[in-house]
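Taken in order, the sequence shown gives residues 141 to 741; the numbers are from the working numbering. All C-beta atoms, glycine included, are put in the ideal place defined by N, C-alpha and C. As structure tokens, the structure follows; a few thoughts come after it.
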Amino acid sequence: MGGYSHLPPSDGDGASQDTPYSAIPSETFDSPVGHLPPKQLTTRGRRRDIILHSLVAAGACVVSILAIMYGVLVYGGSGRDLGFEDLCESEMASDIEKAFIIDIRIARGLNFAQAKLIDLLWDIIIGQGGRALHAWILYRYVVPDTLSRIMEVSAVPYRYYTNLTFSTVSLFSLWELCKMIFRCPQWRTVLSTVWLLLAIFYALASGPFWGAVTGYIAPSTRMYYLDDGTLAALDSPELSMCWVLDGERLGWDSDHIELGPTLHEIYQAMDAEWYYETPEVWRTLGRYSDFLAVNTSQGFKDVYAYARGIRAIQAYLDYPEALSSYYDTYLDGEPISETIDMKEDLQIWDSRYLPYIYEPMGAPSGLPTTLKGWGFKVISKTLEYDADEPMGFDYTIESYNTTFILNRTILLDDGVVPYNSTFIYNNKTFELQAPFLDIGRGCKHHRDFFSSLGNCVCYRGQPLPEEFFVRYKLRCVQREGYVWGFSAVLALIGLCLEAAWVIGCWGLWVDAQVNSQLVKFRRGGGGDVRTSLDLAESVKRDLGANTCAYSDAELSKEMDKCEPVGYSVEDRGGASHIVLVPARIQTRVKVQSGRLYGGSL
């Protein structure tokens with residue numbers, strides 16, 4: 141640093157002509173109540189403070205970490221909404237936009253004023269209040285103790301010292317820290333400075349960040365454009381589950397459309413608490429609702445039972461393909477001349493609508509010529525539980541033993557099951573040669589959306605193409621009212637940052653408690669009065685006693701010319717004196733128990 145000299149007395153035109161201070165008789169001043177005597181420094185209470193503050197920091201970390209774990213577990217899937225609201229917006233958004241979508245919705249059915257008020261209160265209490273709390277922790281505990289630790293082993297410029305002490309959480313402090321990184325001669329000091337930089341930056345940014353975590357939006361309904369240009373929601377009564385039967389195989393004049401329950405009826409049958417407005421209709425139905433799903437026309441239930449038989453064979457003969465292709469499973473195994481009973485192996489298999497099934501343990505490596513298994517048929521009464529029936533057995537559908545014979549001449553294709561079958565429809569039995577009847581003829585089975593059993597979806601009685609459910613036809617139509625909540629991604633990031641901030645600041649603070657002589661003996665450099673006294677003594681030594689007439693800008697300019705300062709201990713008439721000294725005469729601080737510390741300006 142450049143040299144410096146004491147400031148001369150100011151004798152300008154505006155200089156005071158009053159009687160010099162030294163010429164005023166001392167008896168004109170009030171006598172002080174009493175001068176403070178020198179005192180010994182002690183570590184009494186230090187362990188208690190470390191334990192207490194560490195418990196508080198640990199509690200904050202545990203809360204953040206538990207919240208992070210809960211968020212990862214609960215909101216890690218595609219439906220992360222606490223209220224099971226429609227997440228249509230997330231499907232329409234880009235990857236960057238998804239981070240800001242309000243997908244944890246806390247308050248619903250709000251008007252605009254209510255939503256705005258809640259968001260404003262959050263910004264004031266959590267956003268700005270949280271920023272004030274971060275700033276207070278840095279100002280009161282972390283920065284002063286860390287600064288004492290740094291200044292015991294190295295010297296810092298006056299501006300660095302004053303900004304970090306009096307303007308702890310500010311852009312001025314950030315700038316001084318950035319400059320100090322390249323001035324520090326010791327790597328420990330560099331690490332402390334870097335973390336102070338990050339901690340203060342987060343304290344400044346925490347208010348706006350946590351304000352951005354929340355928001356209020358108008359909820360939306362998932363709707364799709366139909367071929368006639370109209371929009372239909374998935375719970376529309378004009379949409380229904382259906383089968384399209386190959387009429388030629390059954391001896392009919394044309395294909396037959398068998399309508400099932402409307403999607404509106406299915407949604408109404410669901411428990412409102414577990415309502416998802418997503419296209420995965422059947423996956424959201426619990427085991428209890430199998431009966432509701434087929435509680436419709438006799439013909440629809442008959443096809444449903446037949447579809448379960450198809451699914452059983454597909455899953456048994458080619459589990460990996462059935463798991464990914466569902467009804468469109470391609471059975472391309474080589475024929476094997478064996479008779480295999482699949483009933484025992486399928487005893488643990490869930491043949492419901494769910495596409496995720498247990499893998500058979502003894503499945504053959506090809507297509508057996510004779511396959512013993514189950515057929516399914518609808519009965520008019522509810523069966524009692526039977527331990528011999530396969531798991532997932534629907535109590536309105538009865539299983540019966542049957543034998544399937546392979547037809548080697550069948551041209552294999554997606555969804556083709558090359559075995560003979562028995563189709564019971566409206567109390568009439570059709571003995572069909574291989575392959576199984578096509579129950580989704582001429583329509584796509586929407587396997588990624590609805591069912592593993594080959595359902596079609598009909599609109600006003602006619603099957604819809606698969607393109608009905610593609611993204612470019614999806615529209616998010618706003619509903620009335622507003623919802624208020626959080627962005628799961630931003631909240632998770634914020635909790636991670638909070639945990640890291642607490643751990644880092646606690647580490648700096650503990651390092652000062654253990655390694656700083658002044659902090660260890662409970663004489664840190666923090667506090668307005670303590671800092672003012674240390675600074676005043678050092679400035680008087682460097683700039684002299686004629687400082688009263690100079691402006692802050694003039695004093696700051698002169699102080700920038702001074703050498704960096706650090707803490708040192710000097711002996712003064714039998715009592716040691718803790719003082720800021722220039723770097724050239726600084727010595728490592730060593731506080732001794734039982735010794736008096738005092739001295740004055």
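Evaluate the contact criterion for the segment 614-626 versus the segment 357-369: three or more CB pairs, one atom per stretch, below 8 Å. yes
Which first and last residues belong to the beta strand (DSSP E) in which Ile545 is found? Ile537 to Ile545
On the CB-based measure, 16 or more other CB atoms within 10 Å of its CB, does Met322 come out buried or exposed? The sequence given here has Phe at residue 322, not Met. Per the 10 Å Cβ criterion, exposed.
Please say whether Phe626 and Val296 have beta carbons closer to each other than 7 Å? no
Does DSSP put Met232 in a helix, in a strand, or in coil? helix
Counting only C-beta atoms, is Pro605 closer than 7 Å to chain C at any point? Among the chains in the structure shown there is no chain C, since it carries only a single protein chain.
Does Leu551 pass the burial test, meaning 16 or more other C-beta atoms within 10 Å, or should it be called exposed? exposed
Leaving aside the five residues before and after Gly739 along the sequence, list all residues of the same chain whose C-beta is less than 7 Å from its C-beta, in chain order. Arg712, Ala715 and His717
Using a Cβ distance threshold of 8 Å, determine whether the segment 284-304 contacts the segment 248-265, with at least three qualifying pairs required. no
Give the DSSP-derived three-state secondary structure of Phe322 in the structure shown. coil
If I follow the unbroken alpha helix (DSSP H) through Thr308, where does it start and stop? It is not in any alpha helix (DSSP H) - Thr308 carries neither H nor E in the DSSP assignment.
What is the C-beta distance between Cys324 and Leu337, in whole angstroms, given that I count them as a contact (C-beta under 8 Å)? Not a contact, Cβ separation roughly 12 Å.
Using 8 Å for Cβ pairs, my map puts Val784 next to Asp285. What's the rounded Cβ distance? Nothing can be reported for residue 784, as the shown portion of the chain is limited to 141 through 741.
By the three-class DSSP mapping on this structure, what secondary structure does Gly664 have? coil
Residue span of the alpha helix (DSSP H) that contains Trp350, given as start and end: Trp327 to Val353
When burial is assigned at 16 or more other CB atoms within 10 Å of the CB, is Trp744 buried or exposed? The structure shown does not extend to residue 744, since the chain spans only 141 to 741, so no value can be given for it.
In whole angstroms, what separates the C-alpha of Met699 from that of Tyr356? 51 Å
Beta-carbon proximity of Ile450 to Phe576, cut-off 7 Å: yes
Using the DSSP secondary-structure output, state which residues sit across from Arg245 in a beta bridge. Gly625
As a quick exercise: from Ser561, Glu677, Gly666 and Val629, pick the residue whose alpha carbon is nearest that of Trp514. Ser561
Could you please give me the residues that DSSP links to Asp481 through a beta bridge? Lys512
Arg600 and Glu378: beta carbons closer than 7 Å? yes
Ignore the nearest five residues each way along the sequence and tell me which others in Ser332's own chain have a CB closer than 8 Å to its CB. Thr286, Arg289, Ile290, Leu648 and Asp651
Alpha carbon to alpha carbon, what distance is there between Ser204 and Ala639? 6 Å
Does the distance from the C-beta atom of Val719 to that of Phe661 stay below 7 Å? no
Can you tell me whether Asp588 is buried or exposed, with buried defined as 16 or more other CB within 10 angstroms of its CB? Any reading at Asp588 must be qualified, since the residue scores a pLDDT of 49, below 50, and its modelled position is unreliable; no value is offered.
Whose C-alpha, out of Cys382, Gly621, Gln726 and Pro504, is nearest the C-alpha of Ala253? Gly621
Of the choices Val283, Ala455, Leu399 and Cys636, whose alpha-carbon is the least far from that of Trp646? Val283
Cβ-based burial, Phe169 [other Cβ within 10 Å; buried from 16]: Annotation note: pLDDT 43 at Phe169 (below 50); position unreliable, coordinate value reported separately. Phe169 comes out exposed.
In the DSSP assignment, the alpha helix (DSSP H) including Tyr446 goes from what residue to what residue? Gln438 to Leu457
Option in Gly249, Ala339 and Ile208 with minimal Cα separation from Tyr281: Ala339
Name the DSSP bridge partner or partners of Cys645? BP columns for Cys645 are empty, so no partner.
Whole angstroms are fine: how far does the CA of Thr687 sit from the CA of Ala163? Summary for Ala163: the model assigns pLDDT 46, below 50, so the residue's position carries little reliability, and this model does not support an answer.
Residue from Ala200, Arg187, Tyr300 and Ile191 with nearest C-alpha to Gly644: Ala200
Taking the alpha-carbon positions, what's the Val642 to Tyr279 distance? 14 Å
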